[in-house]
Amino acid sequence: MSSLARVLPVLLSTAFGLVSTLAGLLLVTFVIGRVMPIDPVVAVVGDKASAQTYAAAREQLGLDQPLYVQFGRYIAGVARGDLGTSTVSNRPVAEDIARVFPATIELATLGILIGVAFGVPLGVYAAHRLNQWPDHLIRFLALFGFSTPVFWLGLLGLLVFYSWLGWIGGPGRIGIAYRFTVPPRTGFMLVDTLLAGRPDAFRNALSHIVLPATLIGYYAMAYIARMTRGFMIEELSKEYVTTARIKGASEARVMWLHAFPNILVPLITVIALSYGLLLEGTVLIETVFSWPGLGLYITNGLFTADMPAVLGGTLVVGLIFVILNKASEISYAFLDPRTTR
Amino acid sequence: MTRLGSLFGAAALMLGAAITPLMAKTPPGVLVVAKNIDDIVSLDPGQAYEFTGGEVVSQIYERLVEYNPAKIDELKPGLASGWKISDDGKSIVFTLRDGAKFASGNPVRPEDVVFSFRRVIVLNKPPSFILKQFGWTPENVEQMVRKTGANEVTITVAGNFAPSFVLNALGARVGSVVDAETAMKNAKDGDLGNAWLSRNSAGSNSYRLQTWRPNETVVLVANPNAQHKAKTPQVVFAHVSEAATQRLMIEAGDADIVRNLGPDQIAAVTGKPGIVVETYPQAAVHFISLNVKHEKLNKPALWEAMRYMIDYDGMANTLFKGQMKVHQTFWPVGFPGAVEDRPFKLDIEKAKGILEKAGIKDLSIAIDMISSSPFTEIGQSIQATFGQAGVKVTLVPGATTQVITRYRARQQEGAILYWGPDFMDPHSNAKAFAYNTDNSDASYQSTTTWRNSWMPPAAVSAKTMAALVERDPAKRLDMYRELQREILHNSPWAMTFQAQAQVALRDNVKGFVHGATNDLIVYRDVEKK
Chain A
104 MSSLARVLPV LLSTAFGLVS TLAGLLLVTF VIGRVMPIDP VVAVVGDKAS
154 AQTYAAAREQ LGLDQPLYVQ FGRYIAGVAR GDLGTSTVSN RPVAEDIARV
204 FPATIELATL GILIGVAFGV PLGVYAAHRL NQWPDHLIRF LALFGFSTPV
254 FWLGLLGLLV FYSWLGWIGG PGRIGIAYRF TVPPRTGFML VDTLLAGRPD
304 AFRNALSHIV LPATLIGYYA MAYIARMTRG FMIEELSKEY VTTARIKGAS
354 EARVMWLHAF PNILVPLITV IALSYGLLLE GTVLIETVFS WPGLGLYITN
404 GLFTADMPAV LGGTLVVGLI FVILNKASEI SYAFLDPRTT R
Chain B
6 MTRLGSLFGA AALMLGAAIT PLMAKTPPGV LVVAKNIDDI VSLDPGQAYE
56 FTGGEVVSQI YERLVEYNPA KIDELKPGLA SGWKISDDGK SIVFTLRDGA
106 KFASGNPVRP EDVVFSFRRV IVLNKPPSFI LKQFGWTPEN VEQMVRKTGA
156 NEVTITVAGN FAPSFVLNAL GARVGSVVDA ETAMKNAKDG DLGNAWLSRN
206 SAGSNSYRLQ TWRPNETVVL VANPNAQHKA KTPQVVFAHV SEAATQRLMI
256 EAGDADIVRN LGPDQIAAVT GKPGIVVETY PQAAVHFISL NVKHEKLNKP
306 ALWEAMRYMI DYDGMANTLF KGQMKVHQTF WPVGFPGAVE DRPFKLDIEK
356 AKGILEKAGI KDLSIAIDMI SSSPFTEIGQ SIQATFGQAG VKVTLVPGAT
406 TQVITRYRAR QQEGAILYWG PDFMDPHSNA KAFAYNTDNS DASYQSTTTW
456 RNSWMPPAAV SAKTMAALVE RDPAKRLDMY RELQREILHN SPWAMTFQAQ
506 AQVALRDNVK GFVHGATNDL IVYRDVEKK
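Chains as they are written, first to last, in the working numbering: chain A, 104 to 444; chain B, 6 to 534.
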């Protein structure tokens, strides 16, 4: 059998899986959107529009058509790369998403880096000091991070670090004075300020992102630390670890070179899932910090029954999860060759 | 562990760079207004119908006639330097101001006025009903609005309307005059420039639109061609939806004006150094209505009792602390013709007596409310006080669009809502609260009467229409006063409050004018001293 013959079914199966997952996701979202007790026309024409204006807007939005026609038209558009036009803002959804998504990626990426940088070592250390006070402390921190409303933490953080101490920038991605002085090349504020050769603007943008990123990083850290601890406890109970200790390997070597590599496969999945959740947008953080991200975009779309916006956002979120899932699977092959057998 | 240590070290350095003390001060020449701007749908004056959209549009476009924001009964020349009303009251000839120019540099011509009014009618967007009241249609508008001289426009209305009504309606935002050449240069698919004007501007007022990024920012820059030059070159509206965050911004000096503080935040910033709080009466009136389509609610005794089951003063003083003023008629205080009678106050025993006499017992009402302040507070309060009188209230919270969707379809039993006039004429509210001549489901109306399935007595509806055409201004206002008193005592709703905007400003901000509606907020005279 040629290599193409072997690869083709896999590719076709992957493509079919991707398309059917996204189509299913869109169908479910579309149906939910349509059964919601909100009239999208009201969101567009407002409270006091006349019956004629209402009817004209309804027709213009295509809402006078049967649901299957509306959905079919939408899917046909997506197949052509057209995510439709927001019924509320009358702007192309793809343009809106291109504007809001970099803000979310930037925040989520910094957040996951913080979450991994702290969550993994803390999880490993907690497993190492199982049932001792460091373990209890780390578990408490993780539980606190996971159970405390991030909205409250955000406001508290702003009060202390922004209002009282003045250490960080306030809401938004960059200070007003810099807002229109940096050309938006990539949409990532930290990158754009560097590309523009503006260290002062970079510093300002960093001061704005540091608190929301730390908070969502803390949230991710809480989950990652708990899972890392659990994986490590299981791994440390295995015989090869006991053997390594008997042979005199240092505790650091046992933890990081023997046990830790063996938890990487499930840990990567946990990290990818956490990153996916952050990329979906943390609506409350985006609200508190006036961060114009994807989560807020989708939520606003839901409140105004702006289905093209909601469907477009959902499609992007679905794609993120599919991509992260695939990336995790590919990474398994490098981390643990047994998974490819 | 060395690598891990390096990683922590790098992270610490990055954080350290970020968390050095920052100077919090808005840039000179830029007025930063922090507020929730997520309601903007379009910045085309022929379409904008939301609060923030109206506020922005009003800084950009002029109308033929304009209100004095500080004195609402004073209609003054805008783009028109004068006007002459025909003897039959059906035509008004407007003379345009000499030398008026758009931001593009184009002169303001009668053709621009004709174009602007015509496009409102043809586009048929939400605010178009204000001009359609004149009997204008896509077919006749070109005959009704005509250039009649080098610098003159004549408008004709198809009806015997009071001239003050016509002028008041033309003073609404939808009467904005657009630069026809610029708009048509950017028109697409016969949209008369609608898509382009949604995100750009072509006006003659003190500012022009530089940027609108939805849910992020609106930036206005001074229009050098404006007659009334802006004292602050740039106004930035920063989208901050969370009131607590707005409070922190004004305290830190990162905003010059914050607009959506709740009663608790206002109390917190009042008296703080560097901050002043100002209160402005608003045109919006709040009410609790009953949909009389439901037989159990179609009882005048219940309506009367309801008015004694509301803790007006308690809510105004304790919950809203200055953001609501008790007001019980449909036309707000401060506007010509407003009635300030407030005969009702919480009196549970009296309410019980009325209900008992009418044989109303074991009544339960599901009341729709928008799940945000002030509706939730009003809902919780009336749930308690109605309960004391033996009426069980179940609150049905929902997003604004959700509540309005049900209200439009007359599906609600009761509702806690508010009404803001569409233009500064008492007819705007009188038609909403005192007129309905066709109560059938098929005859959709956006009025409070129709939406609550209530037909006022025929004489009341007739008086509403008579006031609309009354040409004696004093007599006309008297008619509206009578209507307010009729509705105050006989309608299936209880008017409760008139809104008051409380705004926090940095103390170096001078010249800010906040009129009774968002159209009457003026930034051009604002200076940072």
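Where a beta carbon is used, it is the ideal one built from N, C-alpha and C, also for glycine.
Predicted, not measured: the structure shown is a model, and the values here were computed from it.
Residue ranges of uninterrupted alpha helix (DSSP H) with 4 or more members, entirely inside the segment 382–429 of chain B and ordered along the chain, are 405–413. Excluding five sequence positions before and after I370 (chain B), the CB atoms of its chain that fall closer than 6 Å to its own CB belong to V398, E418, G419, given in chain order.
In the structure shown, the three-state DSSP call for D483 (chain B) is helix.
At a cut-off of 8 Å between beta-carbon atoms, M254 (chain B) makes contact with chain A. Judged by their CB atoms, A230 (chain A) and R332 (chain A) are nearer to each other than the 8 Å cut-off. The C-beta of A179 (chain A) comes no closer than 8 Å to any C-beta of chain B. Straight-line measurement puts the Cα of T31 (chain B) at about 15 Å from the Cα of K40 (chain B). The Cβ neighbour count for A437 (chain B), taken over all protein chains shown within 10 Å, is at least 16; the residue is labelled buried. With contacts defined by Cβ atoms closer than 8 Å, V391 (chain A) and E247 (chain B) form a contacting pair.
Shown here for P341 (chain B): same chain residues with a beta carbon closer than 7 Å to its own, the five before and five after excluded, namely D78, L482 in chain order.
For D303 (chain A), there is no enclosing beta strand (DSSP E); the enclosing alpha helix (DSSP H) has its first and last residue at 302–339. In the displayed model, A231 (chain B) falls within coil according to three-state DSSP, outside both helix and strand. Exclusion of the five residues before and after N191 (chain B) leaves G198, W201 as the residues of its chain whose Cβ lies within less than 6 Å of its Cβ. Taken through DSSP and simplified to helix, strand or coil, M374 (chain B) comes out as strand.
Around G248 (chain A), no beta-carbon contact reaches into chain B at under 7 Å, the shortest distance being about 17 Å. Distance from the CA atom of S47 (chain B) to the CA atom of D303 (chain A), rounded to whole angstroms, is 34 Å. Annotation: the continuous alpha helix (DSSP H) that includes A200 (chain B) extends over 199–204.
Closest option to V38 (chain B), judged by alpha-carbon separation, among B:T237, B:G276, B:Y54: B:T237. If the five residues before and after D117 (chain B) are omitted, its C-beta is found closer than 7 Å to the C-beta atoms of V182, V183, D184, A185, all from its own chain and listed in chain order. Less than 8 Å divides the Cβ of G320 (chain A) from the Cβ of G218 (chain A). Along the segment 271–294 of chain A, going in chain order, the ones with a CB nearer than 9 Å to a CB of chain B are I271, G272, G273, P274, G275, R276, G278, I279, A280, R282, F283. Taking the beta carbon of F134 (chain B) as reference, the chain A residues within 9 Å of it are K151, A152, S153, Q155, T156, listed in sequence order.
Straight-line measurement puts the Cα of R137 (chain A) at about 39 Å from the Cα of A245 (chain A). Following the DSSP letters along the chain, one finds P364 (chain A) in no beta strand (DSSP E) but inside the alpha helix (DSSP H) bounded by residues 363–382. Fewer than three beta-carbon pairs drawn from the segment 202–218 of chain B and the segment 507–520 of chain B are found closer than 8 Å, and the two stretches are therefore not classed as touching. Residue pairing by DSSP leaves N145 (chain B) without any beta bridge partner. Of the candidates B:F292, B:Y285, B:I262, the residue whose Cα lies closest to the Cα of G279 (chain B) is B:I262. Counting only Cβ-Cβ distances below 9 Å, T390 (chain A) has contacts in chain B at S246, E247, T250, in chain order.
With a threshold of 8 Å between beta carbons, V145 (chain A) makes contact with chain B. In this structure the segment 187–199 of chain A touches the segment 393–413 of chain A; the number of beta carbon pairs closer than 8 Å is three or more. The segment 280–292 of chain A makes no contact with the segment 265–272 of chain A: fewer than 3 CB pairs, one atom from each, lie closer than 8 Å. By the neighbour-count criterion, in which 16 or more other beta carbons inside 10 Å mark a residue as buried, N296 (chain B) falls on the buried side.
At a cut-off of 8 Å between beta carbons, N220 (chain B) contacts chain A. As DSSP reads the structure, A499 (chain B) sits in a beta bridge with B:I293.
At the C-beta level, V290 (chain B) and F335 (chain B) come within 8 Å of one another. With the criterion set as a beta carbon lying under 8 Å from some beta carbon of chain A, the members of the segment 122–153 of chain B are N129, K130, P131, S133, F134, K137, in sequence order.
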